[in-house]
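Asks: The structure follows.
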Amino acid sequence: MIPLAVPNLSGNEARYLQDCLATNFVSSVGPYVDRFEKEFAAFVGSPHAVATANGTTAIHMALILAGVQPGDEVLVSDFTFAATANPICYQGARPVLVDSERDTWNMDPAAVQEELEARAQAGAPMPKALLVAHILGCPAKLALLKALCDRFGIFLIEDAAEALGAVYTDGPLAGRQVGTIGHMGCFSFNGNKIITSGGGGMLVTRDWTLARRGKHLTTQAKLPGYAYFHDEIGYNYRLTNLAAALGVAQLEQLPAFLERKRALARRYDQALAGLPGLTLPPRPEGMDSTHWLYSILLPGAWGPVLSALEGEGIQTRPLWTALHRMPPYAACPLLGTGEVAQDLCTRGLSLPCSTTLTDAEQDRVIASLQRILAP
Ligand SMILES: Cc1ncc(COP(=O)(O)O)c(C=O)c1O
């Protein structure tokens, strides 16, 4: 079976894990946690990073730090993995879903603008925060979203779980990486992500106060010293030293992983470009996607193609069901029609794109797809 996306543990992972065992630092304190935070912050170009147990807890913490409370509204991408939106509900806040746009498959800034201007005109309350996911490695149109958030005084949180290393190459954000532009950015190191720590996450911010409070709240809000004194309700959202050791080893290889992901995407693009009715992944102007998951839109529904490829020993996966189509979110307000998100979920299919995928394996995937989709 050619897998969809598997970890590549060919660096210093075993050595650093062994170091944790040898020094007895296996839990939530240890030098690798500090090192992972520092090196991650340097890589993405953010002054502060706080390691968390996973990406979901990073998003939850960002919402807490933004002051999102029961009854508040949070604008959120309709087309994303459910973990983007679930923490809004943990806070008792109300998600307001925003449909995708065609250029990036991400949150549609035009729908956001229309809503915020209408609210401003009517003197209606503004959402507390906007939580935008950069899906599948492709940046969202953040210059526009940031301008709107700045104009209307809304907290901007980026869910960059799937887009570590994606960068803006033109316009006002040129040279900036995703996750570093909003008030806070969240990353995931789940097993299928571009780097993995087994499970883990990171919250980054330019704001020292937010970072300091984030570290405090994610580590049980315990004040330093011998007295077990907690000045707030804290959370055990810490990353273990073992996980951080894996993360450090993976981070060393990230530039090579990014290069490989982009090379695989170029090869797929070239080979699949002519197939009738097939839409290739977005390559928007002024942005450099990582193509974390190389995903195409088929001429029709994904089911038969997924089954046919599975029959040939090739693992693929559909994209997500749009949030507005699932029970926990069906009653949420939706900006836009939801048709773009629905189309992505009907026709979207991710192809094998592990960094360990060989050219020969990729050629087999391409040949199978060409055969299956031949008219
Ligand atoms: C867009 C997105 N947000 C959030 C998450 C949650 O991350 P984690 O699994 O580390 O909690 C993931 C992936 O798992 C994701 O793809």
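Each residue of the sequence shown is one higher than the last, beginning at 0 in numbering that gives the first Met the number 0. The beta-carbon is built from N, C-alpha and C at its ideal position, and this holds for glycine as well.
1) Going by Cα to Cα distance, which pick from 61, 175, 260 is closest to residue 292?
2) Would you kindly report the start and end of the unbroken beta strand (DSSP E) that includes residue 201?
3) Whole-angstrom Cβ separation of residue 246 and residue 188, contact assumed at under 8 Å?
4) According to DSSP, is residue 47 helix, strand or coil?
5) What do you reckon, is the C-beta of residue 389 under 7 Å from a heavy atom of ligand 1?
6) Applying the criterion that 16 or more other CB atoms from any shown protein chain within 10 Å of the CB defines a buried residue, is residue 230 buried or exposed?
7) Which full runs of the beta strand (DSSP E) of 3+ residues lie inside the region 180-248, going along the chain?
8) Between the region 119-129 and the region 140-155, can you find at least three pairs of beta-carbon atoms closer than 8 Å?
9) From residue 181 to residue 169, what distance separates their C-alpha atoms?
10) At a cut-off of 7 Å, would you count residue 58 as near ligand 1, judging by its Cβ distance to the nearest heavy atom?
11) Can you give me the start and stop residues for the beta strand (DSSP E) that residue 382 sits inside?
12) Within a Cβ cutoff of 8 Å, which residues of the same chain sit near residue 361, ignoring the five residues on either side of it in sequence?
13) Please report how far the alpha carbon of residue 171 lies from the alpha carbon of residue 89, in whole angstroms.
14) Going by beta-carbon coordinates alone, are residue 298 and residue 276 separated by less than 8 Å?
15) Is the region 234-245 in contact with the region 26-39, if contact means three or more CB pairs nearer than 8 Å?
16) Kindly confirm or deny that the region 69-86 and the region 41-51 touch, where touching means at least three C-beta pairs closer than 8 Å.
17) Let's test the definition: count the other Cβ atoms within 10 Å of the Cβ of residue 325 and tell me whether it reaches 16, buried, or not, exposed.
18) Report the partner residues of residue 287 according to the DSSP bridge assignment.
19) In chain order, what residues of the same chain have a beta carbon less than 7 Å from the beta carbon of residue 210, not counting five sequence neighbours either side?
20) How would you call residue 0, buried or exposed, if buried means at least 16 neighbouring beta carbons within 10 angstroms?
21) Can you say whether residue 315 is buried or exposed, counting buried as having 16 or more other CB atoms within 10 angstroms of its CB?
22) Which residues in the same chain as residue 57 place their Cβ atom closer than 7 Å to its Cβ, once the five residues preceding and following it in sequence are excluded?
23) Do the region 213-227 and the region 0-14 touch if we need at least three Cβ pairs shorter than 8 Å?
24) Determine, using beta-carbon pairs with one atom in the region 327-345 and one in the region 18-35, whether at least three such pairs fall under 8 Å.
25) Should residue 170 be counted as a contact of ligand 1 given a C-beta to heavy atom distance under 7 Å?
26) Between the region 106-117 and the region 342-359, do three or more beta carbon pairs fall short of 8 Å?
27) At 4 residues or longer, and completely inside the region 69-147: list those alpha helix (DSSP H) runs for me, N to C.
28) Taking residue 293 as part of the beta strand (DSSP E), name the residues at either end of that continuous run.
29) I believe residue 346 touches residue 308 by the beta-carbon criterion, under 8 Å. Please report the beta-carbon distance rounded to the nearest angstrom.
30) CB of residue 132 to nearest heavy atom of ligand 1: below 7 Å?
31) Assign residue 198 to buried or exposed, taking buried as 16 or more other Cβ atoms, counted over all protein chains shown, within 10 Å of its Cβ.
32) Out of 174, 79, 251, 215, state which residue places its alpha-carbon closest to the alpha-carbon of residue 194.
33) Would residue 137 and residue 254 qualify as a contact pair, given that the criterion is a beta-carbon distance under 8 Å?
34) Tell me whether residue 184 counts as near ligand 1, meaning its Cβ is closer than 7 Å to at least one heavy atom of that ligand.
35) With respect to 7 Å, is the separation between the Cβ of residue 105 and the closest non-hydrogen atom of ligand 1 below this value?
36) Give the secondary structure of residue 274 by DSSP, where H, G and I count as helix, E and B as strand, and everything else as coil.
Replies: Quick answer:
1) In the sequence shown, the residue the question calls residue 292 occupies position 293. Closest option to residue 292, judged by alpha-carbon separation, among 61, 175, 260: 260.
2) Translated into the one-based positions of the sequence shown, residue 201 becomes position 202. For residue 201, the enclosing beta strand (DSSP E) has its first and last residue at 200-204.
3) For the purposes of this step, residue 246 is taken as the residue at position 247 of the sequence shown. For the purposes of this step, residue 188 is taken as the residue at position 189 of the sequence shown. The pair is a contact, with the Cβ atoms about 6 Å apart (cut-off 8 Å).
4) Counting from one through the sequence shown, the residue named residue 47 turns up at place 48. Correct three-state label for residue 47: strand.
5) Not covered by the structure: residue 389. The range shown for the chain is 0 to 374.
6) On the sequence shown, position 231 is the one that residue 230 refers to. Exposed, since its Cβ has fewer than 16 Cβ neighbours within 10 Å.
7) 183-187, 200-204
8) Short answer: they touch.
9) To locate residue 181, count along the sequence shown from 1; it is residue 182. To locate residue 169, count along the sequence shown from 1; it is residue 170. Distance between the alpha carbons of residue 181 and residue 169: 17 Å.
10) Indexing the sequence shown from 1 puts residue 58 at position 59. Answer for residue 58: yes, Cβ within range of ligand 1.
11) Residue 382 is absent from the structure shown; the chain starts at 0 and stops at 374.
12) Here residue 361 corresponds to residue number 362 of the sequence shown, with the count starting at 1. Excluding positions up to five away in sequence, the list reads 263, 266, 267, 351.
13) In the sequence shown, the residue the question calls residue 171 occupies position 172. In the sequence shown, the residue the question calls residue 89 occupies position 90. Taking the Cα positions, residue 171 is about 34 Å away from residue 89.
14) On the sequence shown, residue 298 is found 299 positions in, with the first residue counted as 1. On the sequence shown, residue 276 is found 277 positions in, with the first residue counted as 1. Yes, the pair counts as a contact, with Cβ atoms nearer than the cut-off.
15) yes
16) Touching, no.
17) If you number the sequence shown from 1, residue 325 lands on position 326. Residue 325 should be labelled exposed.
18) Here residue 287 refers to the residue found at position 288 of the sequence shown. BP columns for residue 287 point to 166.
19) By 1-based counting over the sequence shown, the position of residue 210 is 211. Excluding positions up to five away in sequence, the list reads 47, 49, 204.
20) By one-based count along the sequence shown, residue 0 stands at place 1. The residue is exposed, with fewer than 16 neighbouring Cβ atoms inside 10 Å.
21) Position 316 of the sequence shown, counted from the start, is the residue given in the question as residue 315. Result: buried.
22) To locate residue 57, count along the sequence shown from 1; it is residue 58. Only 51, 185, 186, 200, 201, 202 meet the Cβ criterion.
23) No, the region 213-227 is not in contact with the region 0-14.
24) no
25) For the purposes of this step, residue 170 is taken as residue 171 along the sequence shown, with counting starting at 1. No.
26) They do not touch, by the three-pair rule.
27) 85-89, 108-121
28) To locate residue 293, count along the sequence shown from 1; it is residue 294. From DSSP, the beta strand (DSSP E) with residue 293 extends over 293-296.
29) Translated into the one-based positions of the sequence shown, residue 346 becomes position 347. Translated into the one-based positions of the sequence shown, residue 308 becomes position 309. With a Cβ gap of about 15 Å, residue 346 and residue 308 do not count as contacting.
30) Translated into positions along the sequence shown, residue 132 becomes position 133. The answer is yes for residue 132.
31) To locate residue 198, count along the sequence shown from 1; it is residue 199. By the 10 Å Cβ count, residue 198 comes out buried.
32) The residue labelled residue 194 in the question sits at position 195 within the sequence shown. Answer by Cα proximity: 251.
33) Here the question's residue 137 lines up with position 138 in the sequence shown. Here the question's residue 254 lines up with position 255 in the sequence shown. No, the pair does not count as a contact, with Cβ atoms beyond the cut-off.
34) The sequence position of residue 184 within the sequence shown is 185, counting from 1. It does not: the Cβ of residue 184 is nowhere closer than 7 Å to a heavy atom of ligand 1.
35) One-based indexing of the sequence shown puts residue 105 at position 106. Checking the Cβ of residue 105 against ligand 1 gives no.
36) Counting from one through the sequence shown, the residue named residue 274 turns up at place 275. DSSP places residue 274 in coil when its eight states are reduced to three.
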